[in-house]
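For the sequence shown, this note's numbering begins at 113 and goes up steadily by one.
Everything on this sheet refers to the single structure shown next.
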Amino acid sequence: MALSYKARRRWSLFILLVGMPAYIGFVWWVMSLIERLPFFIELVVYVFLGVAWILPFKFVFLGVGKPDPDAPEE
């Protein structure tokens, strides 16, 4: 079932305001549990994890910045 435009906007706002800080805290906690990695490997891990969070939510963010396609034209 596809989400409506308004639902995608609401979910994207929720993901950015609640989910993103929670994900950052979780990654920070997990990375603190393992021994310190060399700088460049740690940089690659953080860059990968910084991009990986969006993959499951890609469909939510598609088209959110565009005008509502279901809105009546004026």
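Every residue, glycine too, gets a C-beta built ideally from N, C-alpha and C.
Treat the numbers as computed from the prediction; the structure is a model and nothing was measured.
- request: Could you say if the segment 119-128 and the segment 167-176 meet the contact criterion of at least three C-beta pairs nearer than 8 Å?
  value: yes
query: How is A164 classed by DSSP in three states: helix, strand or coil?
result: helix
query: So, does the CB of V176 fall closer than 8 Å to a CB anywhere in chain D?
result: Of the chains in the structure shown, none is chain D; there is only one protein chain.
- request: Please report how far the alpha carbon of F126 lies from the alpha carbon of G177, in whole angstroms.
  value: 15 Å
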